[in-house]
Each structure stands twice: as C-alpha cells, then as structure tokens.
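Chains as they are written, first to last, in my numbering: chain A, 2 to 339; chain B, 2 to 339.
The beta-carbon is built from N, C-alpha and C at its ideal position, and this holds for glycine as well.
Below you'll find the structure, written out as structure tokens, and then a few comments.
2 protein chains.
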Amino acid sequence: MTIKDVAAYCDVAVSTVSRVLNNHPDVSEDTCAKVLAAIAKLNYIPNNSARDLVTPQGDSIGVVVRGAENPFFTPVIRAIEARCELAGYTMVLHQIPAGADEVAAGAELVRSKRLRGLIFLGGRFDYSQHEANALGIPFVCCTNTNQFGDLEKTAYSSVSIDDFAEGFKATNLLVQRGHRRIAILLDSVTDHSVSELRYAGYCQALADAGIPLDTSLVFQTVAFSMPAAFERVSAYLAQSQDVTGIFAVADTMAIAAIKALHNAGLHVPQDVSVVAIDGIEMSLYTIPTLTTLSQPQETMGEEAVSILLDVLSGTSPNRHVRLETTLREGETLGVCKN
Amino acid sequence: MTIKDVAAYCDVAVSTVSRVLNNHPDVSEDTCAKVLAAIAKLNYIPNNSARDLVTPQGDSIGVVVRGAENPFFTPVIRAIEARCELAGYTMVLHQIPAGADEVAAGAELVRSKRLRGLIFLGGRFDYSQHEANALGIPFVCCTNTNQFGDLEKTAYSSVSIDDFAEGFKATNLLVQRGHRRIAILLDSVTDHSVSELRYAGYCQALADAGIPLDTSLVFQTVAFSMPAAFERVSAYLAQSQDVTGIFAVADTMAIAAIKALHNAGLHVPQDVSVVAIDGIEMSLYTIPTLTTLSQPQETMGEEAVSILLDVLSGTSPNRHVRLETTLREGETLGVCKN
DNA sequence: ACTCTTACTGGAAACGTTTCCACTCACCGG
DNA sequence: CCGGTGAGTGGAAACGTTTCCAGTAAGAGT
Numbered sequence: 002m003t004i005k006d007v008a009a010y011c012d013v014a015v016s017t018v019s020r021v022l023n024n025h026p027d028v029s030e031d032t033c034a035k036v037l038a039a040i041a042k043l044n045y046i047p048n049n050s051a052r053d054l055v056t057p058q059g060d061s062i063g064v065v066v067r068g069a070e071n072p073f074f075t076p077v078i079r080a081i082e083a084r085c086e087l088a089g090y091t092m093v094l095h096q097i098p099a100g101a102d103e104v105a106a107g108a109e110l111v112r113s114k115r116l117r118g119l120i121f122l123g124g125r126f127d128y129s130q131h132e133a134n135a136l137g138i139p140f141v142c143c144t145n146t147n148q149f150g151d152l153e154k155t156a157y158s159s160v161s162i163d164d165f166a167e168g169f170k171a172t173n174l175l176v177q178r179g180h181r182r183i184a185i186l187l188d189s190v191t192d193h194s195v196s197e198l199r200y201a202g203y204c205q206a207l208a209d210a211g212i213p214l215d216t217s218l219v220f221q222t223v224a225f226s227m228p229a230a231f232e233r234v235s236a237y238l239a240q241s242q243d244v245t246g247i248f249a250v251a252d253t254m255a256i257a258a259i260k261a262l263h264n265a266g267l268h269v270p271q272d273v274s275v276v277a278i279d280g281i282e283m284s285l286y287t288i289p290t291l292t293t294l295s296q297p298q299e300t301m302g303e304e305a306v307s308i309l310l311d312v313l314s315g316t317s318p319n320r321h322v323r324l325e326t327t328l329r330e331g332e333t334l335g336v337c338k339n
Numbered sequence: 002m003t004i005k006d007v008a009a010y011c012d013v014a015v016s017t018v019s020r021v022l023n024n025h026p027d028v029s030e031d032t033c034a035k036v037l038a039a040i041a042k043l044n045y046i047p048n049n050s051a052r053d054l055v056t057p058q059g060d061s062i063g064v065v066v067r068g069a070e071n072p073f074f075t076p077v078i079r080a081i082e083a084r085c086e087l088a089g090y091t092m093v094l095h096q097i098p099a100g101a102d103e104v105a106a107g108a109e110l111v112r113s114k115r116l117r118g119l120i121f122l123g124g125r126f127d128y129s130q131h132e133a134n135a136l137g138i139p140f141v142c143c144t145n146t147n148q149f150g151d152l153e154k155t156a157y158s159s160v161s162i163d164d165f166a167e168g169f170k171a172t173n174l175l176v177q178r179g180h181r182r183i184a185i186l187l188d189s190v191t192d193h194s195v196s197e198l199r200y201a202g203y204c205q206a207l208a209d210a211g212i213p214l215d216t217s218l219v220f221q222t223v224a225f226s227m228p229a230a231f232e233r234v235s236a237y238l239a240q241s242q243d244v245t246g247i248f249a250v251a252d253t254m255a256i257a258a259i260k261a262l263h264n265a266g267l268h269v270p271q272d273v274s275v276v277a278i279d280g281i282e283m284s285l286y287t288i289p290t291l292t293t294l295s296q297p298q299e300t301m302g303e304e305a306v307s308i309l310l311d312v313l314s315g316t317s318p319n320r321h322v323r324l325e326t327t328l329r330e331g332e333t334l335g336v337c338k339n
C-alpha cells in the first residue's frame, strides 16, 4: 500500500496525493476530497522512511537516561516526550546503567538512529569540546549544570537547578536548627555528577557555620540506589549513632536512610533529621513525610526540549538555564536536641 | 556524507561499500580494510531511513504505556528496551494519561512511526478482533490478561500474572487472619483493566469465606493515582473506622492508603492490615514495609518482547503467558483483633 | 479570436540505501 | 590450450516519498 496505489485508485498523479498529504495549498477541493476518501478507504499509511529520506532532516530526539530506576526521572521523561510529540519529533529513549558512560551511549545512538538532537538525563555536568564534536549533534545536559567551568564557551546546553546553591540550602536547613553532626548521603564526589556540586554546597554550609568537615559523615554509595543507601546508613549506625542530621542528595536515598534509621530504633525527626533534594511524588506519602527541595521536573523536561529545538532551528545558540527549587516542608526536619 | 562519498574515496563501487557495511561474505580482505578505513576516516554514518526504505521491514517496536507515573512500569520498560536493543529493534515509547484510549494511541503510533509490533502496558485486558485489525500489526498486551474470554481465538498475545487468582490470594491473606471488614482499593471495576479481574478475585475470596460483599468497602478511585487513593481512604475513615483490612490492587495505592491510615491515627498493622499486588522497589522501604504479591517485572518485559519477536518471525502464533507472583512478606499484615 | 493569467495537475528527478545480475579475471582440470 | 568455476566487483534497478518544473485548461482582458 503506497502512495502510488492511492494515486492509481483515484486516477491522479502521485504528486497530487503527496500534496494532499502535506496540505499543500494548490489542490482543488474535489481532488482533495477524492484523495482523502481513497486514503481512508485503502487504509493507506505513509512510509516515514521514504519521507525522511527525501526531506533533509530526521525527526528523532534521543534521550539517554543514566539510572532511570530513579523515579525522579519519570515525570521529566514524560514531559520530554510530550514536548517532542508536540513539535513533531519522536523521542528515542535509551536507558543505561548508573555507572555507564552516557557519551558513548549517546554516540552509539546517534550512529544507529537518525537523531537531530540529544538530551542527557542524570549524566555528568561536564562535557568537553572533544566529546561534543564526537557526538556531532546539539545536545542538552538536563538535571545538572557545570558550576565550575566557563559556561559561555560550552558546545552544549543545559537545564538544571543550581546544585551548589541547593546543596548549600539543604545543609543550612539542618545547620539552622542546631545540627552539627550532619551527614551527607550521596553518590560519588568525583564523577562530575550532581553529587559533586551538592557536596560542595554541603561543605560550604558547614564551613560557614564553623563546623569542620568530618569525612566519616560523608556517606558515598553507588548509583543513587536505595539498597546501597540503606546499607551505608545502616553500617554507620551500627558503629555510631551520634549523627543528628542527614542531607540526602536524592529523595530515594533519603527514604532508604529513614528506613535504616527506623530499623536502628532511631526516630525521625526526634533523633535524626533528614532533608533531601528532588521532590518525587512518593516522598509525599512516606511516614514521616519527607522534607525536600523540590525540583520542577516537568519544567526541566520541557525546557530541555525547548532549548534543543531553538538550537536546532538556529533561533538561539547553546544556553544554560537554571531553575528554582521550592522547599516542600515535610515532617523529617526538627530542631537538634543535643 | 553518503555511501557514495565513501565509495569514491576508496575507488570502489557503492555496492562494495554496502557489502562491507552489512558483513557480506564475498568481499576481499584488502577491500574490506580499505573501506573500513575510509568509513572511519570520513566518519560516515549510514542513513537508516534509506536502509529502512529498501529493506522490507521497519525496525521499531512501539510501547504504549497507560499511566506511566506508576513506578511499577519502570523496570518493565527498562527490560523491554534492553531486549529490543539486543534484537536490533528500537523501542518507541509513548506515554498516555491513565484514562486515555491505548488502542487509538497505538494506531496513531503505527500510523506515524514505522512499527513492526506493539506492546501495551497498563491498558485493558481485552481487545476485539476489530481493534486488532485496525492496528494491523502484532501486539502484546503486557501486565494483564483476559480471564473471561476465549484466549485461543485472540488476535493478540499477552503476558501477565493471573490477576483473578492473585486478587483472590491477596484477599485471602486477610481473610485467613480473621479479617472480615476488608476494603479493596482499586481503579475502576468496569474498564476491563487489571482492577476488574483482581476485584473479581476479591469477591470470590469473600464469598468463599461467607463474607457478604459490602460495596461501601469498594474504594474506587481513578488512574491508580496516589492522591486519589489517599483522598478516598481518608474520606472513608472520616466516616467510619470499622475497616480492618485493605487490599490495594497496586503498591502505590497501598502506600497512599497507609499514609491516610496513619494520618487518621490508625496503626498498620495493629489496627488495619494492608496487602497489595505489584512489588515495586519503593515498598521495601516504606514504614512499615509493605506486604505485597510481587510481580516479576523484568521477566514480564522480556517475555513481552520475546513473544512479539516470535510472532513477527512466524516462529509461533499469538500466545498468552501467565507468570507467578511471589509473596513478599512485609510488616503490614497482622491478625484481626476484633 | 487571441493572448495572458491563474489554478491546478502530471511527470520525473532525487534522496541513500540494498540487492540482483552480469561481468572480469585468475585459476583449475581436462 | 581451452572451457568451466568461483571469487570479487561494478552497474543499475528498486524502495516510497517530496518537490521542481512543465504543462493544460479555463477564464479574463484586449
């Protein structure tokens, strides 16, 4: 069933059918109606590959998600897909393990699919010119931003919160309530991920409060995983219970930490306060409700697509967008009693 | 940068380059090496549209997810994508609102992308021959199965648990511990979704135990949403607190219910027991840990793709696969004290 | 009645592949 | 020395579109 069959069926040229298909202006009403009827009757479906072939550009946008098991990404991805759809693009989702190299995965995706742009979710915040060249198409780094480098010169775009500032803010929530034994629960401080920036904010907040950094309170885990976070906190509590506040860089980890505290017989927030960053829906329903700096997940996804479309259309150069969190006050933050 | 450029660059015919690209046997080692070098040097990327055009079949499998905000689907989708990738297919994900019509969405997807098969996640369990025809390509209904119709004659495949039996089992967990005021928290009992079957199992379990069905204990909500479940349970508790057991057809709803109970001053499981079906990771970390019948999420996704590939290759006709749940014993199930 | 527009339509090239067919050349056996 | 074989290669058709260009017919203006 091709355009030719349709053309033959209603005795017009293929070009006429094509015009009808693409809403071209100069085609008479009768012809248009006739063709439309034939299309419906024959249940004709245009072949997108052929269309893609002749039109210069593809119509797909790749999304590489590192650590998609984190429910934080779900609304972001949904927003991206919706926005892509609206703009006539197809979202091609590719999920990679938390430890994997998203640039390599992205390059592979570019190579095998017909992508016009790429969005990285949960990757690093830092990409070299060389990596950008290797990718060869515009890309947006979503959910984290390089705070250290010179953003003006980057060969890519980004949309994120100010991770340093938010890490600082979260830690400060604890500091202001008198906590001094404040642990941080994070991924890795050296992989150029969001953890590194939030950790820097944590360090700054401690420093400003005159609290020396105690590395035994830096709970590094892997992959934002709940089991890992649970184990790490449990292991610490088995040794010592002097911690009074925990700043988790992700809601999921915070929830796992609360469970670990609970299992160790500690109460939140009476014995230990917990704050996090993310604002996933689930953390509204934990007991106690999580206090967290909520990220605008939908907006992030939408903004990522918007930026990409702008760059693709040449409307604007690469840019870096910072969004605000909102403090979602839960029940896990209390005054330090010690 | 096309295959012609590569051919010109190393002074061979395009057909030769094509052969190298597709690992055809009869091409000499020297030529092969020469072409490969040129490809690398020129950074040539084959145009998939052109390839798709000439090869008879597309390489995409569509996945329509209804209510993707449910974290239950996350591992399923990941498994589907991994399996597609392995088989050389591209997964095209399309998320639709909980109330939407997945067949219409699927048809639209088939129309616009170049799909070979389709997987429905979280849709209905029942599809008519007419709908199958309209879709025009093989599809798998994943996560639920028609228990009422004659499966042998269906024009589609499915992979799921035995929703009726599991609904029965879950309810029985409560019955066996002496509960008689057992509520069910579900979506809609009449939309041919998973809720309907689990509800039937619930009714059966009650009937077997000689407990009359009390429709005021049937908590219908919409869209498996946590806020809706929370509101529904809260509203009931504001009227009456005589319920001693709740069977939630999804973990998410159970978690919301537990929160509602907690806010109403009731303890789980001392005052009210809660059981659910799903087994999402998060429910291992709730306080108390959720007792749930855990579905093999990865296996479901993998199986869905396997079936689809078999049907596509003609290896086997449409088939219906039933998987087993495993009881994940948490802390939300207790003996009825009344 | 003749040209000039205007409105529409048809024909054909082009997009970048794959694959079939035909061709060349070296080599082998007779 | 010659026909046959087979490996390697080139040429060209085909896939289903879009779009440019040319063409036709009708209607308007002279």
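Assumed close pair B:Phe220, B:Ala184 - CB separation to whole angstroms, cut-off 8 Å = Counting from one through the second sequence, the residue named residue 220 of chain B turns up at place 219. Counting from one through the second sequence, the residue named residue 184 of chain B turns up at place 183. Right, their Cβ atoms sit about 6 Å apart.
key: Endpoints, the beta strand (DSSP E) within which B:Ala277 is located   = By one-based count along the second sequence, residue 277 of chain B stands at place 276. Counting along the chain, the beta strand (DSSP E) containing B:Ala277 begins and ends at Ser274 to Asp279.
ask   = Listed in chain order, which residues of the segment 38 to 53 of chain B have Cβ atoms closer than 9 Å to some Cβ of chain A?
value = Residues passing the 9 Å Cβ filter: Asn44, Ile46, Pro47, Asn48, Asn49, Ser50, Ala51, Arg52 and Asp53.
ask   = Closer than 8 Å, CB to CB, is B:Thr287 near chain A or not?
value = Position 286 of the second sequence holds residue 287 of chain B. Under the Cβ distance rule, B:Thr287 counts among the residues neighbouring chain A, one pair being separated by less than 8 Å.
task = Give the range of the alpha helix (DSSP H) segment to which A:Ile308 is assigned.
result = For this step, residue 308 of chain A is matched to residue 307 along the first sequence. Taken as a continuous stretch (DSSP letters only), the alpha helix (DSSP H) holding A:Ile308 covers Gln298 to Ser314.
inquiry  = Here's a check: name, in chain order, each residue in its chain whose Cβ is nearer than 6 Å to the Cβ of B:His180, leaving out the five neighbours to either side.
reply    = Here residue 180 of chain B is taken as the residue at index 179 of the second sequence, counted from 1. Only Thr245, Gly246 and Cys337 meet the Cβ criterion.
Neighbouring residues, chain B, relative to A:His413 (Cβ below 7 Å) = Because chain A is modelled from 2 through 339, residue 413 of chain A falls outside the range shown and cannot be assessed.
Through-space distance from B:Pro76 to A:Val250, alpha-carbon basis = Here the question's residue 250 of chain A lines up with position 249 in the first sequence. Here the question's residue 76 of chain B lines up with position 75 in the second sequence. Cα to Cα, the separation comes out at about 22 Å.
message = Any beta carbon of chain A sitting closer than 8 Å to that of B:Met227?
response = As a first step, residue 227 of chain B is located in the second sequence; it is residue number 226 there, counting from the start. Closer than 8 Å: yes.
message = Among the candidates B:Ala39, B:Ser314 and B:Gly335, whose CA atom is the shortest distance from the CA of B:Pro139?
response = Here the question's residue 139 of chain B lines up with position 138 in the second sequence. Put simply, of B:Ala39, B:Ser314 and B:Gly335 the residue whose alpha carbon is nearest the alpha carbon of B:Pro139 is B:Ser314.
request  = Let me know if B:Asp127 comes out buried or exposed under the rule of 16 or more other beta-carbons within 10 Å of its beta-carbon.
outcome  = In the second sequence, residue 127 of chain B corresponds to position 126, counting from 1. B:Asp127 should be labelled buried.
ask   = Contact between the segment 289 to 298 of chain B and the segment 317 to 332 of chain B: three or more CB pairs below 8 Å?
value = Taking a contact to require three or more Cβ pairs closer than 8 Å, the segment 289 to 298 of chain B and the segment 317 to 332 of chain B qualify as touching.
message = Distance cutoff 8 Å, beta carbons only. Does A:Val268 sit that close to anything in chain B?
response = Along the first sequence, one-based indexing puts residue 268 of chain A at 267. The question names Val, but residue 268 of chain A is His in the sequence shown. So no, A:His268 is outside the interface.
task = Consider the Cβ of A:Thr91: report whether some Cβ of chain B lies at a distance smaller than 8 Å.
result = In the first sequence, the residue the question calls residue 91 of chain A occupies position 90. A Cβ of chain B is located within less than 8 Å of the beta carbon of A:Thr91.
ask   = Comparing the C-beta of B:Phe121 with each C-beta of chain A, is any distance below 8 Å?
value = The sequence position of residue 121 of chain B within the second sequence is 120, counting from 1. B:Phe121 does not count as touching chain A.
request  = Using DSSP bridges, identify the partner residues of A:Val219.
outcome  = Residue 219 of chain A sits at position 218 when you count from the first residue of the first sequence. According to DSSP, A:Val219 bridges with A:Ile185.
ask   = So, helix, strand or coil for A:Thr191, using DSSP?
value = Residue 191 of chain A sits at position 190 when you count from the first residue of the first sequence. Coil, per DSSP.
query = Out of B:Ala133, B:Asp272 and B:Arg79, which has the shortest C-alpha to C-alpha gap to B:Glu303?
reply = For this step, residue 303 of chain B is matched to residue 302 along the second sequence. Sorting B:Ala133, B:Asp272 and B:Arg79 by C-alpha distance to the C-alpha of B:Glu303 places B:Arg79 at the top.
query = Hey, B:Leu54 and A:Ser50: beta-carbon distance below 8 Å or not?
reply = If you number the second sequence from 1, residue 54 of chain B lands on position 53. If you number the first sequence from 1, residue 50 of chain A lands on position 49. Going by C-beta atoms, B:Leu54 is nearer than 8 Å to A:Ser50.
ask   = Got a sec? Which residues, its chain only, sit under 6 Å from A:Thr172 by beta carbon, not counting five neighbours each side?
value = In the first sequence, counting from the first residue as 1, residue 172 of chain A sits at position 171. Once the five neighbours on either side are set aside, the close Cβ partners of A:Thr172 are Tyr203, Ala206 and Phe248.
Top-ranked residue by Cα proximity to B:Cys85, from B:Gly123, B:Asp60 and B:Phe74 = One-based indexing of the second sequence puts residue 85 of chain B at position 84. The residue with the shortest Cα to Cα distance from B:Cys85 is B:Asp60.
inquiry  = Considering just the uninterrupted stretch of the alpha helix (DSSP H) at A:His131, what are its terminal residues?
reply    = Along the first sequence, read from residue 1 onward, the residue named residue 131 of chain A stands at position 130. Segment Gln130 to Leu136, the alpha helix (DSSP H) holding A:His131.
inquiry  = According to DSSP, simplified to helix, strand and coil, what is B:His340?
reply    = No answer is possible for residue 340 of chain B: the residues shown for chain B start at 2 and end at 339.
query = Going along chain A in order, which residues have a C-beta closer than 9 Å to the C-beta of B:Glu103?
reply = The residue labelled residue 103 of chain B in the question sits at position 102 within the second sequence. None at all; the shortest Cβ gap to chain A is about 15 Å.
ask   = Which runs of the alpha helix (DSSP H) spanning at least 4 residues fall entirely within the segment 30 to 80 of chain B, listed in chain order?
value = Those alpha helix (DSSP H) runs which fall completely within the segment 30 to 80 of chain B and span 4+ residues are 30 to 43 and 49 to 55.
ask   = Around the Cβ of A:Gly107, are there at least 16 other Cβ atoms within 10 angstroms (buried) or fewer (exposed)?
value = If you number the first sequence from 1, residue 107 of chain A lands on position 106. Around the beta carbon of A:Gly107, 16 or more other beta carbons lie within 10 angstroms, which makes this residue buried.
Helix, strand or coil at B:Cys337 [DSSP, three-state] = For the purposes of this step, residue 337 of chain B is taken as the residue at position 336 of the second sequence. Residue state for B:Cys337 is assigned as coil, using DSSP reduced to three classes.
query = Under the three-state reduction of DSSP, which class applies to B:Cys11: helix, strand or coil?
reply = Indexing the second sequence from 1 puts residue 11 of chain B at position 10. Three-state DSSP puts B:Cys11 in coil, outside helix and strand.
A:Asn71 and A:Phe169 closer than 8 Å at C-beta = Numbered from 1 along the first sequence, position 70 holds the residue referred to as residue 71 of chain A. Numbered from 1 along the first sequence, position 168 holds the residue referred to as residue 169 of chain A. No; because the gap between Cβ atoms is not below 8 Å, this pair is not in contact.
ask   = Nearest-angstrom Cα distance between A:Asp6 and B:Ala133?
value = Here residue 6 of chain A refers to the residue found at position 5 of the first sequence. Here residue 133 of chain B refers to the residue found at position 132 of the second sequence. Taking the straight line joining both Cα atoms gives about 23 Å.
inquiry  = Using the three-state DSSP reduction, which class does B:Ser226 fall into: helix, strand or coil?
reply    = One-based indexing of the second sequence puts residue 226 of chain B at position 225. Taken through DSSP and simplified to helix, strand or coil, B:Ser226 comes out as coil.
request  = Assuming A:Ala156 contacts A:Asn319 (C-beta within less than 8 Å), just tell me the rounded distance between them.
outcome  = Taking the first sequence and counting its residues from 1, one reaches residue 156 of chain A at position 155. Taking the first sequence and counting its residues from 1, one reaches residue 319 of chain A at position 318. Yes, they are in contact, since the Cβ atoms of A:Ala156 and A:Asn319 sit about 7 Å apart, within 8 Å.
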